[in-house]
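Notes follow once the structure below has been shown.
Residue numbers (my numbering), protein chains in the order written: chain A, 1 to 406; chain B, 407 to 552.
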């Protein structure tokens with residue numbers, strides 16, 4: 001493990017925290033609960049004894065003169081089987097498992113032992129006939145192991161151990177997050193550099209625009225320019241209102257059109273404001289009425305948001321759409337008049353073109369910032385907070401101060 | 407680009423029904439051509455005006471652009487604001503293009519808005535600032551009037 005020790009503080013990388021805790025884990029466990037430590041020690045001794053017993057319960061130790069060949073072969077195979085099965089169960093404990101996995105190990109052992117006892121009663125009883133002393137001791141020893149592991153399981157279920165497990169999983173999370181961040185950092189840096197470049201360009205355009213706005217040509221048409229802008233905002237607002245009306249029925253329209261493939265409905269699915277402009281007869285209102293009637297007659301079944309959808313359908317009335325269309329037509333006409341006036345002023349055109357470019361750049365910056373945000377943290381965790389908490393917990397468990405390497 | 411080059415670019419050829427008066431081109435129906443021949447004098451305008459050659463370059467009429475637009479797929483589709491700037495004589499920027507960014511440099515293409523209204527003709531330059539230069543736009547006639 002890489003580590004630099006400065007005084008009492010250990011400086012580590014995020015990815016080294018797990019190793020650090022692992023390296024201190026045995027000690028930590030014994031501090032958390034000496035009992036677990038003692039049980040582990042006892043288990044080691046018991047396991048050694050069991051292996052010794054298993055070596056003793058061997059076909060070679062049978063008194064061959066007292067049995068027929070058939071009896072010998074039968075018992076030999078049972079002994080081998082018992083020996084093999086017993087070792088499989090014991091091996092669960094003798095594997096060098098990490099202490100964090102001790103609880104799983106304990107549960108696994110108890111379950112496996114129960115299974116062993118249930119399935120091998122006959123074999124045990126047969127072997128007992130030939131090695132009664134050894135088998136009885138063996139069973140006692142196994143019972144000790146079982147009792148110990150049940151106790152370990154209970155001890156490890158204590159709150160403090162749960163905190164310890166949680167800390168481990170949090171460090172794992174931090175480490176994975178850091179790794180991902182490293183992988184993403186190159187891309188993030190490149191995107192951030194893009195943002196800086198775009199911002200420079202943005203400033204350049206804004207400066208150009210400000211300079212142009214100082215000219216006489218601009219001042220002469222400034223009011224027309226502002227009017228055109230305000231009208232554009234109003235048009236956007238009208239379009240938004242229209243889109244809100246159709247948003248609630250979008251899924252219904254899609255379902256309807258999957259069967260009827262209606263050109264008017266399709267147009268409104270694609271772009272409500274563009275559809276309204278070319279829908280001279282307001283044919284969509286008839287379609288909405290038809291859909292409403294189908295819902296009432298349960299020819300179309302709606303399971304979710306039925307009330308909202310029917311209300312939205314009712315809003316698609318000739319009056320509402322006529323009003324919106326009228327306002328949109330009027331506003332478009334007004335804007336065209338203003339634009340016509342502006343189109344004759346070269347400076348004004350330059351300013352509008354810069355407006356357009358500035359809008360695009362702002363949108364571009366917004367898009368990249370969203371991408372960067374998702375690259376920096378798409379795990380949904382508060383990294384700094386979790387790290388801070390984890391370091392405090394590490395100190396609590398190991399009594400060692402850890403600082404994160406920058 | 408001359409008239410033949412312009413038309414060829416969009417898959418057309420000059421045919422018999424195209425009538426030339428000085429530097430202007432007109433599309434004539436058969437019966438109208440017969441009338442012109444009977445009258446015997448060269449008219450100033452006849453049939454559908456297709457465009458004229460100005461300083462060695464062919465300037466198409468809006469009618470010709472509408473005709474070409476029905477059959478050609480060589481089109482740039484631009485957003486609303488860019489459409490207005492284009493008909494004010496401005497060039498097209500990359501961000502204005504909704505469809506057609508795949509065209510190669512020097513291609514001559516029609517320019518349409520999102521409602522498929524023809525706005526003019528542009529030549530792809532695809533440089534840092536500009537995607538296509540405005541060769542001709544339908545606002546040209548209005549600008550000339552002022």
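Glycine included, every Cβ here is placed at the ideal spot set by N, Cα and C.
Since this is a predicted model, take the numbers as computed values, not measurements.
{"Asked": "Using CA atoms only, rank isn't needed, just tell me which of 387(A), 233(A), 23(A), 329(A) is closest to residue 173(A).", "Found": "387(A)"}
{"Asked": "With a threshold of 8 Å between beta carbons, is residue 352(A) in contact with chain B?", "Found": "yes"}
{"Asked": "Three or more beta-carbon pairs under 8 Å between the region 468-480 of chain B and the region 335-342 of chain A, yes or no?", "Found": "no"}
{"Asked": "Strictly below 7 Å CB to CB, what residues from chain A border residue 487(B)?", "Found": "356"}
{"Asked": "Anything in the region 436-448 of chain B with a Cβ closer than 8 Å to a Cβ of chain A? List those residues in chain order, please.", "Found": "none"}
{"Asked": "Report yes or no: is there a C-beta of chain B within less than 8 Å of the C-beta of residue 360(A)?", "Found": "yes"}
{"Asked": "Quick one: any contact between the region 63-70 of chain A and the region 139-148 of chain A, if contact means 3 or more CB pairs under 8 Å?", "Found": "no"}
{"Asked": "From the DSSP output, in three-state form, read off residue 260(A) for me.", "Found": "helix"}
{"Asked": "Could you compute how far the alpha carbon of residue 416(B) sits from the alpha carbon of residue 481(B)?", "Found": "10 Å"}
{"Asked": "How far does the beta strand (DSSP E) with residue 509(B) in it extend, from its first residue to its last?", "Found": "First-last for residue 509(B): undefined, no H or E at that position."}
{"Asked": "So, is the C-beta of residue 242(A) closer than 8 Å to a C-beta in chain B?", "Found": "no"}
{"Asked": "Taking C-beta pairs closer than 9 Å, name the residues in chain A that residue 499(B) reaches, listed in chain order.", "Found": "353, 356, 357, 360"}
{"Asked": "May I ask you to report which of helix, strand or coil DSSP gives residue 419(B)?", "Found": "coil"}
{"Asked": "Starting from the Cα of residue 361(A), find the closest Cα among 179(A), 148(A), 266(A), 195(A) and give me that residue.", "Found": "195(A)"}
{"Asked": "According to DSSP, simplified to helix, strand and coil, what is residue 441(B)?", "Found": "helix"}
{"Asked": "Please report the Cβ distance between residue 318(A) and residue 282(A), rounded to the nearest whole angstrom; I am assuming they are in contact, meaning their Cβ atoms lie under 8 Å.", "Found": "5 Å"}
{"Asked": "So, at 8 Å on beta carbons, what are the nonlocal neighbours of residue 316(A) in its own chain, with the 5 sequence-adjacent residues on each side left out?", "Found": "245, 246, 249, 284, 285, 288"}
{"Asked": "So, helix, strand or coil for residue 127(A), using DSSP?", "Found": "helix"}
{"Asked": "Residue 164(A) by DSSP, collapsed to three states: which one?", "Found": "helix"}
{"Asked": "DSSP three-state call for residue 372(A): helix, strand or coil?", "Found": "helix"}
{"Asked": "Okay, do the region 76-91 of chain A and the region 44-56 of chain A touch, 3+ Cβ pairs below 8 Å being the bar?", "Found": "yes"}
{"Asked": "Nearest CA to the CA of residue 515(B): which residue from 487(B), 529(B), 507(B), 496(B)?", "Found": "529(B)"}
{"Asked": "Tell me the DSSP secondary structure of residue 487(B) in three-state form.", "Found": "helix"}
{"Asked": "For residue 148(A), which three-state DSSP category applies?", "Found": "helix"}
{"Asked": "Count the other CB atoms within 10 Å of the CB of residue 280(A); is the residue buried (16 or more) or exposed (fewer)?", "Found": "exposed"}
{"Asked": "Determine whether the beta carbon atoms of residue 434(B) and residue 453(B) lie at a separation below 8 Å.", "Found": "yes"}
{"Asked": "Under 8 Å Cβ-Cβ, which residues of chain A neighbour residue 482(B)?", "Found": "Per Cβ cutoff of 8 Å: no residues; residue 482(B) is ~16 Å from chain A at best."}
{"Asked": "Does residue 349(A) get closer than 8 Å to chain B when you measure Cβ to Cβ?", "Found": "yes"}
{"Asked": "To which residues of the same chain is residue 266(A) closer than 7 Å at the C-beta, ignoring the five residues directly before and after it?", "Found": "257"}
{"Asked": "Anything in chain A within Cβ reach of residue 507(B), meaning under 7 Å, just list it in chain order.", "Found": "Residues of chain A passing the Cβ test: none, with the nearest at roughly 14 Å."}
{"Asked": "Our contact map puts residue 540(B) next to residue 486(B) with C-beta atoms below 8 Å; I'd like the distance itself, whole angstroms only.", "Found": "With 8 Å as the limit, residue 540(B) and residue 486(B) do not qualify as a contact, their Cβ atoms being about 17 Å apart."}
{"Asked": "Reducing DSSP to helix, strand and coil, say where residue 45(A) ends up.", "Found": "helix"}
{"Asked": "Thinking residue 205(A) and residue 354(A) are a contact (beta carbons under 8 Å), I'd like their distance in whole angstroms, please.", "Found": "5 Å"}
{"Asked": "Starting from the beta carbon of residue 491(B), find every residue of chain A whose beta carbon is closer than 8 Å, and list them in chain order.", "Found": "349, 352, 353, 356"}
{"Asked": "So the candidates are 358(A), 154(A), 238(A); which of them puts its Cα closest to the Cα of residue 330(A)?", "Found": "238(A)"}
{"Asked": "Against chain A, with Cβ distances strictly below 8 Å, would residue 532(B) count as a contact?", "Found": "no"}
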